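Peer 1:
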Amino acid sequence: MRAAEEMIEEQVATTKEAPVTPVSGWWRRRIDLWVLLGFLALAVLVTIQLWIDPNGRVLAGNDDDHGVFLAVLAHAERVVFDGAAPFWNDRLNAPVGVNMMANTSILALSLPLAPVTHFLGAGVSVALLITLGLAGTAFAWYWVLSRHLVSSRLAAWIGGAWCGFAPTMVSHANGHVNFVNQYVVPFIVWQVLRLREPGRTRRGGVILGLLIVLQCFINEETLLFTALTLGFFVVAYAVLRPREVAAVWRRFVAGLAVAAATSFALLAYPLWYQFFGPGNYHGQPFAPSDYVTDLASLGFFARQSLAGYAALTRQMSVSSTEDNTFFGPAGLVMIVVAVVMLWRSAAARAAGIAGLVLLLMSMGPELRVFGRDTGIPLPFGLISHVPVIDLVSVTRFAMVPATVAGVLLALAADKIGEYPRRRRRWFWTGMVLALVPLIPKPLPVVAGDPMPPFLTDGIWREYVPEGRTLVTVPLPDVTTGRTGMRWVTLNNFDYATPRGYFMGPVNPPHDRTGSWSAPARFTSSLLWRVREYGTVPVLTEADREKITADLVYWRTAVVVLIPQGRNVAAQRATLVDALGEPQLVGGVEIWDMRKLPVPPTE
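Sequential numbering from 0 applies to the sequence shown in numbering that gives the first Met the number 0.
#1: Taking the beta strand (DSSP E) that LEU58 belongs to, which residues open and close that run?
#2: Applying the criterion that 16 or more other CB atoms from any shown protein chain within 10 Å of the CB defines a buried residue, is PHE80 buried or exposed?
#3: State the DSSP-derived secondary structure class of ASP372, mapped to helix, strand or coil.
#4: So is HIS509 buried or exposed if we call it buried at 16+ other beta carbons inside 10 Å?
#5: Taking the C-alpha atoms as reference points, what is the distance between VAL391 and MET360?
#6: Buried or exposed: HIS65, going by 16 or more other Cβ atoms within 10 Å of its Cβ?
#7: Is the region 23 to 36 touching the region 418 to 431, taking contact as three or more C-beta pairs under 8 Å?
#8: What residues in its chain sit with their C-beta under 8 Å from that of GLY282, if we drop five residues either side in the sequence?
#9: What does the Cβ neighbour count give for PRO372, buried or exposed, with the cut at 16 atoms within 10 Å?
#10: Under the rule that 16 or more other beta-carbon atoms within 10 Å means buried, what is THR534, buried or exposed?
#11: Note down, in chain order, each residue of its chain lying with its Cβ closer than 7 Å to the Cβ of PHE232, except the 5 sequence neighbours on either side.
#12: Mind checking who LEU583 pairs with in its DSSP beta bridge?
#13: PRO504 bridges to which residues according to DSSP?
#14: Could you tell me whether the Cβ atoms of THR167 and ALA401 are closer together than 8 Å?
#15: Leaving aside the five residues before and after ARG56 along the sequence, list all residues of the same chain whose C-beta is less than 8 Å from its C-beta, in chain order.
#16: If you check the beta carbons only, do TYR141 and GLY158 fall under 8 Å apart?
#17: For SER296, collect the residues of the same chain with a Cβ closer than 6 Å to its Cβ; drop the 5 residues on either side in sequence, then sort them by chain order.
#18: Suppose you measure from the CA of ARG554 to the CA of GLY466; what does that come to, to the nearest Å?
#19: Buried or exposed: which applies to ASN40, given that a residue is buried once 16 or more other Cβ atoms fall within 10 Å of its Cβ?
#20: Suppose you measure from the CA of TRP515 to the CA of ALA329; what does that come to, to the nearest Å?
#21: Quick check on the burial criterion: 16 or more other C-beta atoms within 10 angstroms. Buried or exposed for VAL387?
#22: Output the distance between the C-alpha atoms of VAL43 and THR547, rounded to the nearest integer angstrom.
#23: Taking the alpha helix (DSSP H) that VAL385 belongs to, which residues open and close that run?
#24: Per DSSP, what kind of secondary structure is TRP50 in: helix, strand or coil?
#25: Looking at C-alpha atoms only, which residue of ILE334, ILE382, THR46 is the closest neighbour of ILE129?
#26: For MET430, which residues from the same chain have a beta carbon less than 8 Å from its beta carbon, with the 5 sequence-adjacent residues on both sides left out?
#27: Out of VAL339, ALA73, THR225, point me to the one whose CA is closest to LEU192's CA.
#28: Compare the C-alpha of TRP459 against each of ILE415, ASN506, VAL559, LEU357 and name the closest.
#29: For a test of the three-state rule: what should DSSP assign to PRO536, helix, strand or coil?
#30: Let me know if PHE426 comes out buried or exposed under the rule of 16 or more other beta-carbons within 10 Å of its beta-carbon.
#31: Counting beta carbon pairs with one atom in the region 524 to 531 and one in the region 492 to 502, are three or more of them shorter than 8 Å?
#32: Along the chain, where does the beta strand (DSSP E) that runs through VAL557 open and close?
#33: Pull up the distance between the alpha-carbon of GLY370 and that of ARG543, whole angstroms please.
#34: Return the residue from the list LEU91, TYR308, TYR236 that minimises the CA-CA distance to TRP342.
#35: Am I right that TYR500 and VAL477 are in contact with their C-beta atoms under 8 Å? What's the rounded C-beta distance?
#36: Quick check: the region 85 to 94 against the region 112 to 120, are at least 3 beta-carbon pairs closer than 8 Å?
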């Protein structure tokens, strides 16, 4: 049987097909089914606490981003059932709206799931996407590995399990629906490698182009990471095997050109809308050095791993959704062992080089160790402000070496059969010690603030005519306005609301730098301070006029005080001073603002 590295070398450097696995078709399908069911069972284990009450619970690791994906799913429901524009949401950040192409709208996932969102709620759709994303990514890598790169189903399972349930994937499952749905990536990788085959220029290029379009509407960051990795892989392989590359580069480049033309034809308008349409922005609301990979994290455990210790992990991680390395000591050793075992394979070496480059990029402009900046400059500082690169959270580049590690471990596991029994025993012992501590724990959840009868019974419809908004206090915003954001999304944007948690320009048209919320107004800043510090301000008549002006700007029909949260009494006192005494309707206190004038539509 051909060794694993010879097989991948064959796939990259020649036009021959991979050897047929000596397993009958019936048994192969049966094994595949059990592998798929196993991955699904593990994914359900990870998300089980969310499944208990998907519309009533939120992911504790990142309830803000959980709310964002509730929003994009609710928007897709409006697109399908109400005919709303797919790239623009006029129900969030009213009266301005939000550019959904610039906000990870996952349209390739959210639109097909619109019926689920409509009938069962956006919370069910989020739970479903996270579960299927983890299992689907693992199985997709298993499929590609078992069909094209390794002969051992066990080796393919190891690679698929690592790629689908690595600490970085489970970490992002705490709220990043886009990052856990990576099942298109292995097929993009494989189609790129096949472009060097004769007769693949047109057909292969079109297939690759369509896969690129599909991935673009799932997550553009993952597509960027994949493109960079493949670029570094091809360059490294060309240096290592120049003659082989010289023989195929013309048809390879021609295939890429066909893929580029196909994807450009379908993505030209959506990307124009994202970067030049209304609500566009550039850059991030943080410096590249703020969110980087800590060198020490390579050998420790993520907080969601079986052996993880959150208090220690927090010293080396940006947040619970960004534990992008954390291979553990045995895992790190086994990755090094895999590289040594596969060293004679130019393809494996090129893959390792690409992963190492992306790992280095993820460390940002300055080396950080155990949460402390060392002052040692890194190459990323030279490209940190390059367009498109400046839109990426730097530490996420480390998702690439995590995936590369899974592929290398699969290739090594396939090759180990050639070694003496004693070495095989040591290898499998090391693999067990590497994988078992990384078994993921169930994602932590917390109960969301329940919706009052004012919303669940539809009483709000009596107060909010078309073209007006329902304003919750605290205002929907990043971190401080989770409940208001969650309420409007669980109602599938049946009503419009001002502000929200989204990416948009910080102060248009003067400053289009990216921001996580709408430009501040007098009332939003005032109510934020009241919620944060619990101090009731002494309002002047001029202050009340500014509050009224903001309510008019927001086209407010009714103000609703959320009865849970911080400093509710102070918020209520401020609203009473500004707007008068409230009414108790449907379990919440409201202020009827329908008497306010409605500004003309711009």
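Ideal placement from N, C-alpha and C gives every residue a C-beta, glycine not left out. Values in this document were obtained by computation on a predicted structure and should not be read as measured data.
Peer 2: A quick look at the data gives this:
#1: Judged by DSSP secondary structure, LEU58 falls within the beta strand (DSSP E) whose first and last residues are 56 to 58.
#2: Classification of PHE80: exposed, given that the 10 Å Cβ count is below 16.
#3: Three-state result, ASP372: strand.
#4: That one is exposed.
#5: Roughly 11 Å between the two C-alpha positions.
#6: Its Cβ being crowded by 16 or more others within 10 Å, HIS65 is buried.
#7: Judged by Cβ distances under 8 Å, the region 23 to 36 makes no contact with the region 418 to 431, as fewer than three pairs qualify.
#8: Answer for GLY282: ASP389, LEU390, THR512, GLY513, listed in chain order.
#9: A small correction: the amino acid at residue 372 is Asp; Pro does not occupy that position in the sequence shown. Its Cβ having fewer than 16 others within 10 Å, ASP372 is exposed.
#10: It is exposed - the Cβ of THR534 has fewer than 16 other Cβ atoms within 10 Å.
#11: Setting aside the 5 residues that flank it on each side, PHE232 is surrounded in the same chain by ALA349, ALA350, ALA353, each with a C-beta closer than 7 Å to its C-beta; the list follows chain order.
#12: The partner list for LEU583 (beta bridge, DSSP) reads GLU588.
#13: DSSP lists GLY513 as partners of PRO504.
#14: For THR167 and ALA401, yes; Cβs fall inside 8 Å.
#15: Excluding the 5 residues flanking it on each side, ARG56 has same chain C-beta neighbours closer than 8 Å at GLN48, LEU49, GLY122, VAL444, VAL445, ALA446, GLY447, in chain order.
#16: Their beta carbons are under 8 Å apart, which means TYR141 touches GLY158 by this criterion.
#17: So the qualifying residues of the chain are MET315, THR324, PHE325.
#18: When rounded, the separation of the alpha-carbon atoms in ARG554 and GLY466 is 8 Å.
#19: According to the sequence shown, residue 40 is Ala rather than Asn. That one is exposed.
#20: For TRP515 and ALA329, the distance between alpha carbons rounds to 39 Å.
#21: Counting the other CB atoms within 10 Å of its CB gives VAL387 a total below 16, which places it among the exposed residues.
#22: Whole-angstrom Cα-Cα distance: 49 Å.
#23: Counting along the chain, VAL385 falls outside any alpha helix (DSSP H), and DSSP gives it neither H nor E.
#24: TRP50 carries a helical assignment under DSSP once its states are collapsed to helix, strand and coil.
#25: The candidate whose alpha carbon is nearest that of ILE129 is THR46.
#26: ILE157, MET333, LEU408, ALA412.
#27: Measuring C-alpha to C-alpha distances from LEU192 to each of VAL339, ALA73, THR225 identifies THR225 as the nearest.
#28: Checked all of ILE415, ASN506, VAL559, LEU357; the closest Cα to TRP459 is VAL559.
#29: Shown here, PRO536 sits in coil according to DSSP, grouped into three states, outside any helix or strand.
#30: A buried status is given to PHE426, since no fewer than 16 other beta-carbon atoms sit within 10 Å of its beta-carbon.
#31: By the criterion of at least three beta-carbon pairs nearer than 8 Å, the region 492 to 502 is not in contact with the region 524 to 531.
#32: For VAL557, the uninterrupted beta strand (DSSP E) run begins and ends at 555 to 560, by DSSP.
#33: Taking the straight line from one Cα to the other gives about 46 Å.
#34: The closest CA to that of TRP342, considering only LEU91, TYR308, TYR236, is found on TYR236.
#35: Between VAL477 and TYR500 the Cβ distance is about 4 Å, and since that is below 8 Å, they are a contact.
#36: With a cut-off of 8 Å on Cβ pairs, the region 112 to 120 is not in contact with the region 85 to 94, counting fewer than three such pairs.
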